[in-house]
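K.L.:
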Amino acid sequence: HRIVILDINSLQGPSIAASIAAEFDKTCEEIKFVKCDVSSWEEQARAFREVVPSLFGGRLDLVVANAGIGRGPEAEGRVDDGGGDEQGQGPEKPGLRVLEVNLSGVVYAVKLASYYMNRNPLPAPTSPSTGSASSKPPRRGSIICTASNAGLYPFPISPLYAASKAGVIALVRSAARVLARGDIQINALAPATLETNIAPSKELFKSMTLTPMEVLLRGVDMFLADPKLTGQVAEIHGNGTGADDGDGGGSGVTIRPHHEFVDEASERNIEAFWDLGYA
């Protein structure tokens, strides 16, 4: 395997790539870090353009659109009045950095992944174990986008963060049928509270149930194992013991279907837009 990590943090990025390379030296041929602000189309496009032909030999199999930021004064303005100002000039413009990174960055990644994956030859549908014909359809590539359960439930502490993650979920569900025409799979992970480096302090998690990273990886494994799964959102939850996972099997991975149509007319209208080819 050859892996490229895109991230804006050029101080920690190379050392993280090196530690992963050391841990998986028997299975990964190369792991490389490339500095990239994912909220910039130009930077993402440049990164893909540089690494796909040279490092991957032109073939891109998997893209994980995972970069994200949380709430903070530098990332997100308030959507309430925020106190206004004392000079009567009205409210400050809300900062939209969280949308630019968490949603626009994912849109860019999906667009670029689709472009390069569509140029992959379609593999023969064979079984890895027997080499015989498999019932699983072939795919040119797989895209996994990181959303959040804050995109599934109200998240009043950070409405714009919630909006960014709900946008990712809607993007994945709606893009699946479009990308399926090119035999490209796209799905989303919607994790509960994971201990990641976007949190300002570990104190934040003291009163919360933390979901271990291995539960998230179960969701990744599930999507990669079944090419027929596309347009799906896997909620990642529980503490990893199975005691409070609530999914029946204790895996902490629950597929969340889209909302049921309120009536048949609404469903027909959506299908009519698809048949027309424009909206």
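Residues in the sequence shown are numbered consecutively from 1, following the UniProt record's numbering. Even glycine gets a Cβ: it sits at the ideal position worked out from N, Cα and C. Please read these numbers as outputs of a predicted model, since none were measured by experiment.
1. Rounded to the nearest angstrom, what separates residue 226 and residue 185 at their Cα positions?
2. Short check: CB of residue 141 to CB of residue 63, under 9 Å?
3. What residue range is occupied by the uninterrupted beta strand (DSSP E) comprising residue 44?
4. Cα-Cα, which of 278, 137, 14 is closest to residue 34?
5. If distances are taken between C-alpha atoms only, which option among 4, 107, 53, 274 comes closest to residue 146?
6. Can you tell me where the alpha helix (DSSP H) with residue 173 in it begins and where it stops?
7. Going by DSSP, what residues sit across from residue 184 in a beta bridge?
8. Run through the DSSP bridge pairs and tell me what residue 254 is partnered with.
9. Going by Cα to Cα distance, which pick from 122, 211, 271 is closest to residue 182?
10. Closest to residue 196 by C-alpha separation, out of 239, 211, 52, would be which residue?
11. DSSP three-state label for residue 63, please.
12. Taking buried to mean at least 16 other C-beta atoms within 10 Å of its own C-beta, is residue 174 buried or exposed?
13. For residue 110, tell me which candidate among 16, 98, 143 has the shortest Cα-Cα distance.
14. Sorted by chain position, which residues of the same chain lie with C-beta nearer than 6 Å to residue 248's C-beta, five sequence neighbours on each side aside?
15. Report the partner residues of residue 30 according to the DSSP bridge assignment.
16. Put residue 265 into one of helix, strand or coil per three-state DSSP.
17. From 259, 3, 231, 258, pick the residue whose C-alpha is nearest to that of residue 54; which is it?
18. What do you get for residue 237, buried or exposed, if any count of 16 or more other CB atoms within 10 angstroms of its CB means buried?
19. Is residue 114 buried or exposed, if buried means 16 or more other CB atoms sit within 10 Å of its CB?
20. If I follow the unbroken alpha helix (DSSP H) through residue 223, where does it start and stop?
21. With the cut-off set at 9 Å, would you say residue 39 and residue 79 are in Cβ contact?
22. For residue 18, count neighbouring C-beta atoms within 10 Å of its own C-beta (all shown protein chains included) and say buried if the count is 16 or more, exposed if not.
23. Do you know how far the Cα of residue 116 is from the Cα of residue 139?
P.N.:
Once the coordinates are examined:
1. Distance between the alpha carbons of residue 226 and residue 185 is about 10 Å.
2. Yes, the Cβ-Cβ distance between residue 141 and residue 63 is below 9 Å.
3. For residue 44, no beta strand (DSSP E) encloses it; the enclosing alpha helix (DSSP H) starts and ends at 41-54.
4. 14 is the residue among 278, 137, 14 whose C-alpha sits nearest the C-alpha of residue 34.
5. Nearest C-alpha to residue 146: 107.
6. First-last of the alpha helix (DSSP H) with residue 173: 159-180.
7. Under the DSSP definition of a beta bridge, residue 184 partners with 141.
8. Answer is 235.
9. Per the Cα distances, 122.
10. Selected option, being the one with the closest Cα: 211.
11. Note: residue 63 maps to strand in three-state DSSP.
12. Residue 174 should be labelled exposed.
13. For residue 110, the nearest C-alpha among the options comes from 143.
14. Caution is warranted here: a pLDDT of 48 is assigned to residue 248, below 50, making its placement in the model unreliable, and no coordinate value can be reported.
15. According to DSSP, which records beta bridges pairwise, residue 30 is partnered with 2.
16. Looking at residue 265 - three-state DSSP - the assignment turns out to be helix.
17. Nearest C-alpha to residue 54: 3.
18. That one is buried.
19. With 16 or more Cβ atoms within 10 Å of its Cβ, residue 114 is classed as buried.
20. According to the DSSP assignment, residue 223 belongs to the alpha helix (DSSP H) that extends over 213-225.
21. No, these two residues do not count as a Cβ contact at 9 Å.
22. Burial call: exposed.
23. Distance between the alpha carbons of residue 139 and residue 116: 13 Å.
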